[in-house]
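Asks: Got a structure for you, questions after.
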Amino acid sequence: QGEAQGEAGGEAQGEVGGGESGDSGSPPSDDPGPIGAAELGGPLRPFPPHVDFVIGGFPKTGTSSIWFNLGFNKGSNESVNMYWTEPADWVEVERWRASLPKNESRLVAFKATKFCYDPRWAVATLELNPGAKFVLSFRKPSTWLKSFYEYRRAELSGGANAWALRVGRAYPHLLDVTFEDVALRGADLLGAQRDLGRFDRFLEALLGAWPRSRRSEARKSVLPVILEEMAARPVETHRRIRRFVGILVETPEAGNQGGHSSGGELAGELQVVNSRSAGPSGGHPGSKYPSKEKGDGPGECPADAIEAGETGGGQGCPSRGSEGVDRREEELLAWLDSWYAESTHRLNRILSEDLDLINTWW
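Okay, structure coming up:
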């Protein structure tokens with residue numbers, strides 16, 4: 092399994108944090124502190140434009156939904172010049188910036204789920220633009236782990252991700268890793284690993300990009316988003332994100348409707364996740380990550396498999412009781428809720444004290 096993750100290289104980094112195999116889940120040391128762009132691949136180039144905002148939430152927490160609804164589903168538009176995929180490293184970010192027009196008037200942004208696992212990405216972005224904004228998304232850790240596990244299994248067993256298919260063929264034993272192995276024994280299925288759901292550690296390290304004396308600036312620079320709220324209140328949540336990054340600008344004439352689109356227009360444009368999924372329903376041409384497959388959400392199973400009676404764990408389907416409920420899965424999720432309890436408590440304290448967010452969802 093470790094060899095498989097090492098072979099994954101830069102492509103694996105698109106969904107999990109960190110740069111090297113074996114180091115992806117460890118929070119960076121507080122001493123000597125985040126170094127930033129120099130350690131990520133060389134000094135920053137002086138050419139414009141800088142980066143205006145980053146979608147940097149954890150994988151499977153709605154980052155793709157945010158990405159699509161900020162304009163990526165239409166490509167770069169009149170408001171945002173968004174990088175077309177997740178950069179493998181900071182060198183790729185610099186190469187992309189060098190290709191942009193020097194007089195670029197649109198907001199410049201990219202999505203990187205590795206961002207939240209390594210504060211050097213925040214330091215490098217802030218070196219380019221001290222006023223950069225960061226959208227960080229979170230999700231109940233137990234369902235995050237289940238969703239990420241199912242996502243990786245779908246990729247390994249026949250998804251649209253060519254890299255994952257190669258890894259699955261080279262290391263077929265990875266498909267023997269069960270959710271119970273991941274939940275109870277700490278097994279790692281290409282980044283679907285229990286410790287990586289201890290979001291408090293990574294958020295605390297990321298906020299270290301701002302010196303303690305300037306920690307109040309983080310409140311203006313970081314917008315935390317809860318996936319469960321985005322699923323329950325999509326228009327309100329995506330409007331808040333757009334306003335935060337500067338796409339939806341309030342004007343006296345527009346009032347609460349904003350200067351760029353009305354509530355009805357925004358609702359019509361949204362590609363929204365539901366309460367059990369973790370991304371948009373469609374992929375995009377050329378992406379290294381697949382579209383969300385049916386049966387890829389926590390607790391989901393393809394309808395045709397249910398009708399055929401294939402509900403004994405095959406095809407990624409859980410074993411189900413007489414009422415169609417996977418009782419063992421419920422037990423594992425409940426156990427994980429208990430295991431994550433202290434971490435969740437610390438996370439919610441950081442969200443409240445440092446980012447002014449009261450998380451009432453979990």
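Quick note: the sequence shown uses our numbering, first residue 92, plus one each step. Glycine is no exception: its CB is placed at the ideal position from the N, C-alpha and C atoms.
1) So within the segment 252-322, which uninterrupted beta strand (DSSP E) runs reach at least 3 residues, ignoring any that extend past its ends?
2) So, under 8 Å CB-CB, arginine 230 and leucine 280 are touching, yes? Tell me the CB distance rounded to an integer number of Å.
3) In the DSSP output, which residue or residues are listed as bridge partners for serine 228?
4) When the Cα atoms are used, what is the spatial distance from leucine 446 to alanine 223?
5) Got a sec, what are the start and stop residues for the beta strand (DSSP E) leucine 427 sits in?
6) Would you call the CB atoms of serine 429 and arginine 289 closer than 7 Å?
7) Leaving out five residues on either side along the sequence, give the residues of the same chain with a beta carbon under 7 Å from the beta carbon of serine 443.
8) With phenylalanine 144 as the anchor, note down where its beta strand (DSSP E) starts and where it stops.
9) Is it the case that the Cβ atoms of valine 203 and proline 178 are separated by a distance below 7 Å?
10) Where in the segment 189-242 do unbroken runs of the alpha helix (DSSP H), each at least 4 residues long, occur, reported from the N-terminal end onward?
11) Here's the rule I'm using: 16 or more other beta-carbon atoms within 10 Å means buried, otherwise exposed. How should threonine 154 be labelled?
12) So, under 8 Å CB-CB, threonine 216 and valine 142 are touching, yes? Tell me the CB distance rounded to an integer number of Å.
13) Does the beta-carbon of alanine 253 have 16 or more other beta-carbons within 10 angstroms, so that it is buried, or is it exposed?
14) Going by C-alpha to C-alpha distance, which of Asn160, Arg440, Arg324 and Val313 sits closest to proline 210?
15) So, with DSSP's three-state summary, where would you put asparagine 172?
16) Over the uninterrupted alpha helix (DSSP H) stretch that includes arginine 331, give me the two end residues.
17) DSSP on serine 156, reduced to helix/strand/coil?
18) Look at the alpha carbon of isoleucine 441 and the alpha carbon of aspartate 291, and state the distance between them as a whole number of angstroms.
19) With a Cβ-Cβ cutoff of 7 Å, do alanine 309 and alanine 213 count as a contact?
20) Determine the DSSP secondary structure at glutamate 183, reduced to helix, strand or coil.
21) Three-state secondary structure (DSSP) at leucine 161?
22) According to DSSP, simplified to helix, strand and coil, what is aspartate 447?
23) Tell me whether serine 248 sits in a helix, a strand or coil according to DSSP, three-state version.
24) Rounded to whole angstroms, what's the CA-CA distance from valine 258 to lysine 205? Just pull it up for me.
25) Pull up the distance between the alpha-carbon of proline 381 and that of tyrosine 240, whole angstroms please.
26) When the distance is taken between beta carbons, is valine 182 closer than 7 Å to proline 140?
27) Note down, in chain order, each residue of its chain lying with its Cβ closer than 7 Å to the Cβ of glutamate 295, except the 5 sequence neighbours on either side.
28) Express the C-alpha separation of valine 145 and asparagine 439 in angstroms, rounding to a whole number.
29) Near proline 192, what residues of its chain come up, given a Cβ to Cβ distance below 6 Å and the 5 sequence neighbours on each side ignored?
30) DSSP on leucine 442, reduced to helix/strand/coil?
Replies: This is what the structure holds:
1) 313-317
2) Between leucine 280 and arginine 230 the Cβ distance is about 17 Å, and since that is not below 8 Å, they are no contact.
3) Val316
4) 16 Å
5) From DSSP, leucine 427 is part of no beta strand (DSSP E) but of the alpha helix (DSSP H) over 418-430.
6) no
7) Ile449
8) 144-146
9) The residue you asked about is not valine; residue 203 is alanine in the sequence shown. Yes.
10) 211-219
11) buried
12) 5 Å
13) exposed
14) Val313
15) strand
16) 325-336
17) helix
18) 7 Å
19) no
20) helix
21) coil
22) coil
23) coil
24) 20 Å
25) Low per-residue confidence applies at proline 381: pLDDT is 33, beneath 50, and the placement is therefore not dependable enough to give any value.
26) no
27) Ile441
28) 22 Å
29) none
30) helix
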